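A.B. asks: Take a look at this one; I'll ask things after.
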Amino acid sequence: MKLITLEVPLAGRSYEVWIGEGARHELARLLPTARKAAVVTQPGIGYAVDPGVEHRVFHIGEGEGAKTLSTIESLCRGFSRWGLSRADCVVAVGGGMVTDVGGFAAAVYHRGIPVVHVATTLLAQIDAAIGGKTGVNLPEGKNLVGAYWQPSLVICDTETLQSLPPRLYASGLGELAKYHWLGGGDLDHLTVEEQVARCVEIKAAVVAADEREIGRRVALNYGHTLGHALETAGSYDLLHGEAVGIGLVFAAELAYRLGRIDADEVAEHRRVVSGYGLPTRLPPGLGDDELTALLARDKKALEGVTFVLDGPDGVEPVTGVPGELIEASLEAVRE
Ligand code: GLY
């Protein structure tokens, strides 16, 4: 089995990312020293991993509805009843929801114990499992409570992508498309292992430069400003990848209207996003007022929204965008 190994370089807390088909079978060999391991996963994931030390499986629920503080409490109480200590670790096996929740439980249990991510979805492998963002939702919003808690090791088993339901796979494709403008260039001709590795390499460099998102890391949210708003709209049932795809094209239209990129670059956004089978236009029936409300409180507040846009200096945050340009760009991504 040929695996790719990369490093997320963080002073004193660097960790390796192992990528390849069947990589999960290397867990026992790679696990950092631990007396025992709490394996956090979901019943539907269905991958029994062997950490090579005494372990117990802790199941969490599926979907955003289970990404709550009460899930963290249940996990931590289960860890405690089992006698998990600071000499032990958490192994999170699954997609982004599992790595977010398992990572956050590890961050707060005994004020922080090591966590290893075994990422089984494209979204987790190229985004969620890398970079230490962990957390849960509140009724008031997504990911409102969390911690930066870097894993000790990440395993991206590309074999698990082969049996991923198409909708779950597509959820990660928006992120893949995003990396085209973060230094990835044309990723669509690469093997899936090479795609994952290239994205991890880019994300590792960004995280190493700006772990706490006070600067450059915000570029990782490219396509997400409108994307998140569209996901929140809910009733349109858009996948994360689909919402980010539309968000990328919208961001290109906006950057074009601000004179930051040319028309060829906008066309390139449409080509790359549609090349991954993702939509480039808003779902039909989404009204102007609903869209404005999704991005800001009202039309006036729209101008206060920070967008992440491509431009001569690369992808960066841009504020103070005139409302009429935002509205014209939304119009350009209409059906
Ligand atoms: N998903 C964006 C980040 O990790 O910063």
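Heads up: take any position in the sequence shown, counting from 1, add 844, and you land on the working numbering. Ideal Cβ positions, reconstructed from N, Cα and C, are used throughout, including at glycine. Source: prediction; values computed, not measured.
I want to check one thing, is the minimum distance from the CB of D944 to the heavy atoms of ligand 1 below 7 Å?
C.D. replies: Against the sequence shown, residue 944 aligns to sequence position 100. D944: no, Cβ never under 7 Å from ligand 1.
A.B. asks: Just to check, is the beta-carbon of G1085 closer than 7 Å to a non-hydrogen atom of ligand 1?
C.D. replies: On the sequence shown, position 241 is the one that residue 1085 refers to. The answer is no for G1085.
A.B. asks: Tell me whether Y992 sits in a helix, a strand or coil according to DSSP, three-state version.
C.D. replies: Reading the sequence shown from its first residue, position 148 is the one you call residue 992. Of the three classes helix, strand and coil, the one that applies to Y992 here is strand, per DSSP.
A.B. asks: Going straight from the alpha carbon of L988 to that of G946, what length do you get?
C.D. replies: Along the sequence shown, one-based indexing puts residue 988 at 144. Along the sequence shown, one-based indexing puts residue 946 at 102. Rounded to the nearest angstrom, the two C-alpha atoms are 16 Å apart.
A.B. asks: Just to check my reading of the structure: A963 and I904 have Cβ atoms closer than 8 Å, yes? What is that Cβ distance to the nearest angstrom?
C.D. replies: Here residue 963 is taken as the residue at index 119 of the sequence shown, counted from 1. Here residue 904 is taken as the residue at index 60 of the sequence shown, counted from 1. About 16 Å; that fails the 8 Å criterion.
A.B. asks: Which of the three DSSP states, helix, strand or coil, is assigned to D1001?
C.D. replies: To locate residue 1001, count along the sequence shown from 1; it is residue 157. The answer is strand: DSSP assigns D1001 an E or B state.
A.B. asks: Please classify R1180 as buried or exposed, where buried requires at least 16 neighbouring CB atoms within 10 angstroms.
C.D. replies: Not covered by the structure: residue 1180. The range shown for the chain is 845 to 1179.
A.B. asks: What do you get for P995, buried or exposed, if any count of 16 or more other CB atoms within 10 angstroms of its CB means buried?
C.D. replies: Working through the sequence shown from its first residue, we reach residue 995 at position 151. Buried is the call here.
A.B. asks: Along the chain, which unbroken stretches of the beta strand (DSSP E) at least 3 residues long are found entirely within the region 873-934?
C.D. replies: Complete beta strand (DSSP E) runs here, min 3: 880-885 and 898-903.
A.B. asks: Return yes when at least one heavy atom of ligand 1 lies under 7 Å from the C-beta of L854, else no.
C.D. replies: For the purposes of this step, residue 854 is taken as the residue at position 10 of the sequence shown. No, the beta carbon of L854 sits no closer than 7 Å to any heavy atom of ligand 1.
A.B. asks: Within the region 1047-1112, note down every full alpha helix (DSSP H) run reaching 4 residues or more, in order along the chain.
C.D. replies: The region 1047-1112 contains these whole alpha helix (DSSP H) runs: 1068-1077 and 1084-1101.
A.B. asks: Since G927 and F948 should fall inside the 8 Å C-beta cutoff, what is the C-beta to C-beta distance between them, to a whole number of angstroms?
C.D. replies: Stepping through the sequence shown from its first residue, residue 927 is reached at position 83. Stepping through the sequence shown from its first residue, residue 948 is reached at position 104. Contact flag wrong, Cβ pair sits at about 21 Å.
A.B. asks: Taking one C-beta from the region 1146-1164 and one from the region 1096-1110 each time, how about it: are there three or more such pairs within less than 8 Å?
C.D. replies: At 8 Å Cβ cutoff, the stretches touch.
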